[in-house]
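A quick write-up on the structure given underneath.
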């Protein structure tokens, strides 16, 4: 009995100790299935994937949108009246005698050939050769080495404006050469000023919305800045703050930066904006889309008021226009082509394909031919799609690179560098590629359509750069019917062929079909496609009265009766009245017939009033011929250089 009692006490003691340790006998005695069923009862949602949590939202550049982003406060207001700024020279442009001697009509004709529209007070004449800019031999040599043969339209008009010291609004399509249009004048501007002293900030600041665009501008500025030993720094979020700070403190005449990183550098007193006299905003519309308007305005307000400011944008929305009014002084506006239109140097080809593997089959049949012509850029819209496509292409022995928003900045730079060096000829890309300037890209493939038409325009702008030709293929399926109408209008605006299959797909979108038949039209549609047209001959202002009578004699009233609609009733009444008094035209009574015709109410006048709307002259910004262009311009000034 004592042994049994002692054993029970020990068992109780062991059970108490196990309970203290959190061990349960009921679990220890469970087999695998029982344990699984008990766990599922306690956790009914275990193993269920929350689709909402699994979906990652991306911005238009393909970067993942994080819930917690660093909020960048704008720079505080600055009282410029308390700062004594040193005067600086703005005008370095001496018009070439060949350009200065052009008449107003010749200037207008040159602008028409270049496809540019200019507005503003006394803009300088456009040029047709690099020799007309007045650059020195060293800069001209660097320009020629860059394989430029002649100025692009935005350069032909924009560089004389910038060299004249005027503020400018440049609206140009992608791949127009606008980067050089503000970098070359900046170099001349810098060389006229004294060298930087310890603690001085930059002389020129170029703001861009994204890291990729900042780096592309940086490489262009560095390439041409070497001519004059000008230091350039690129500052952007995601890069090393320590390295960027050190480069700024060592002295840089030019800083290319994103708005947020520049504000960080100024707040940490790494640099300052007191010596900035040349300020550039590139892709201003994109900055606003990304929510940088307060930061952009604060940076502009921190720079001396008498600075020279250049603003470039692919579109000119109201917010951008308001910014231009606030920060620019008497600007000259230069527009190349239609605002926001696609590049006509790019041949766009749209393929409407069935759902399923049709896209992959199409790509496999043509990819070898595409790579033989040059590098190929393939756009997709989701990370999973990009990885799957890249894996399938590698399985077919294609050498390629893959780039998406989840990659670090170092990885992105390595891939872009390898692609530029032609280490591989295919790049599968998830971003919008704003600022991706690689001349040997000959083919762009929109494997997945873009999220919006602006992104599509920037995608296809990766080829056909600076006047070269390129091809852009867009693969469309039934699920893209909401995007098809925008694509139709984009093609029409760039004078590209619209395949009937794409138009049929667009017609499935109710708003497009309704607007199309009601006469609604996109950019320069002008009666193309299914837009309603007036019947020829009816109500023509150039028709004689006898011709009108012949038309009326062949007219048949509506079979639905004159009461079917008001127009039919009026036509029927005038038709009957005129037929009752109509006499075959004879020389002796022709005048009498015309009098009878006039007495009948003038059917042609009625038809003209009904069928033809009153023409209204558009009141948009006037062209060069309405701005009083003349040969009187700013006085010639000899270009200076601090190296003289």
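Residue numbers (UniProt numbering): 1 to 644.
Each residue gets a CB set at the ideal place from its N, CA and C atoms; glycine is no exception.
Every value quoted in this text rests on a predicted model; they were computed, and no experiment measured them.
Among the residues of its own chain, which have a CB less than 6 Å from the CB of residue i, if the five just before and after it don't count?
| i | result |
| --- | --- |
| residue 419 | 401 and 427 |
| residue 438 | 420 |
| residue 55 | Confidence at residue 55 is low in this model, with a pLDDT of 44, below 50, so the placement of that residue should be treated as unreliable; the coordinate-derived value is given next. Hits under 6 Å: none found. |
| residue 273 | 201, 302 and 303 |
| residue 138 | 227 |
| residue 249 | none |
| residue 375 | 425, 440 and 441 |
| residue 473 | 349 and 445 |
| residue 261 | 235, 236 and 237 |
Which residue's Cα is closest to the Cα of residue i: the options?
| i | options | result |
| --- | --- | --- |
| residue 234 | 207, 224 and 456 | 207 |
| residue 453 | 422, 462 and 487 | 487 |
| residue 449 | 394, 352 and 405 | 352 |
| residue 103 | 362, 153, 514 and 125 | 125 |
| residue 324 | 91, 100, 495 and 167 | 167 |
| residue 305 | 83, 73 and 75 | 83 |
| residue 148 | 388, 170, 176 and 367 | 176 |
| residue 320 | 307, 330, 284 and 294 | 284 |
| residue 406 | 502, 388, 430 and 461 | 430 |
| residue 512 | 298, 460 and 484 | 484 |
| residue 186 | 440, 329, 123 and 91 | 91 |
| residue 170 | 255, 381, 336 and 77 | 336 |
| residue 258 | 276, 243 and 280 | 280 |
| residue 443 | 451, 417, 158 and 471 | 471 |
| residue 223 | 497, 238 and 140 | 140 |
| residue 282 | 268, 271, 312 and 291 | 312 |
| residue 161 | 192, 95 and 359 | 95 |
Could you tell me the boundaries of the alpha helix (DSSP H) in which residue i lies?
| i | result |
| --- | --- |
| residue 493 | 484 to 493 |
| residue 244 | 241 to 249 |
| residue 141 | 137 to 145 |
| residue 213 | 211 to 225 |
| residue 161 | 153 to 163 |
| residue 99 | 97 to 100 |
| residue 329 | Per DSSP, residue 329 belongs to no alpha helix (DSSP H) and is neither H nor E. |
Locate the beta strand (DSSP E) running through residue i, then write down its first and last residues.
| i | result |
| --- | --- |
| residue 351 | 346 to 352 |
| residue 117 | 116 to 119 |
| residue 83 | Note, residue 83: premise wrong, no beta strand (DSSP E); not H, not E. |
| residue 170 | 168 to 171 |
| residue 194 | Where residue 194 is concerned, there is no enclosing beta strand (DSSP E), given that its DSSP letter is neither H nor E. |
| residue 332 | 332 to 336 |
| residue 206 | 204 to 207 |
Looking only at its own chain, which residues have a Cβ that is under 8 Å from the Cβ of residue i, when we skip the five neighbours before and after it?
| i | result |
| --- | --- |
| residue 253 | 190, 196, 202, 203, 204, 225, 230, 231 and 232 |
| residue 129 | 150 and 151 |
| residue 98 | 132 |
| residue 80 | 304 and 305 |
Around the Cβ of residue i, are there at least 16 other Cβ atoms within 10 angstroms (buried) or fewer (exposed)?
| i | result |
| --- | --- |
| residue 348 | buried |
| residue 150 | exposed |
| residue 404 | buried |
| residue 184 | buried |
| residue 218 | buried |
| residue 85 | exposed |
| residue 361 | exposed |
| residue 75 | buried |
| residue 194 | exposed |
| residue 490 | buried |
| residue 462 | buried |
| residue 276 | buried |
| residue 242 | exposed |
| residue 456 | buried |
| residue 392 | exposed |
| residue 199 | exposed |
| residue 173 | buried |
| residue 355 | exposed |
| residue 492 | buried |
| residue 334 | buried |
Identify, in the order they occur along the chain, each residue of the same chain with its Cβ nearer than 7 Å to the Cβ of residue i, setting aside the five sequence neighbours on each side.
| i | result |
| --- | --- |
| residue 327 | 300 and 309 |
| residue 614 | Note that residue 614 has pLDDT 41, beneath the 50 cutoff, so the model's placement of it is unreliable and the number below is only indicative. The answer is none, since no qualifying residue turns up. |
| residue 180 | 155 and 220 |
| residue 482 | 509 |
| residue 164 | 91, 93, 124 and 634 |
| residue 397 | none |
| residue 502 | 350, 352, 476, 484, 487 and 488 |
| residue 624 | Bear in mind that the predicted position of residue 624 carries a pLDDT of just 39, short of 50, making it unreliable; the figure below should be weighed with that in mind. Closer than 7 Å at Cβ, skipping near neighbours: 107, 108, 111 and 118. |
Heavy atom of the ligand SAM less than 7 Å from the Cβ of residue i, yes or no?
| i | result |
| --- | --- |
| residue 302 | Absence of the ligand SAM from the depicted structure is noted, as is the absence of any ligand whatsoever, leaving it without description. |
What alpha helix (DSSP H) runs, 4 residues minimum, are completely inside the segment 257 to 315? 259 to 267, 284 to 289 and 293 to 302
- Query: Where are the alpha helix (DSSP H) runs, 4 residues long or more, that stay fully inside the UniProt domain "Helicase C-terminal" (363 to 506), in chain order?
  - Reply: 383 to 395, 409 to 420, 453 to 460, 484 to 493 and 500 to 506
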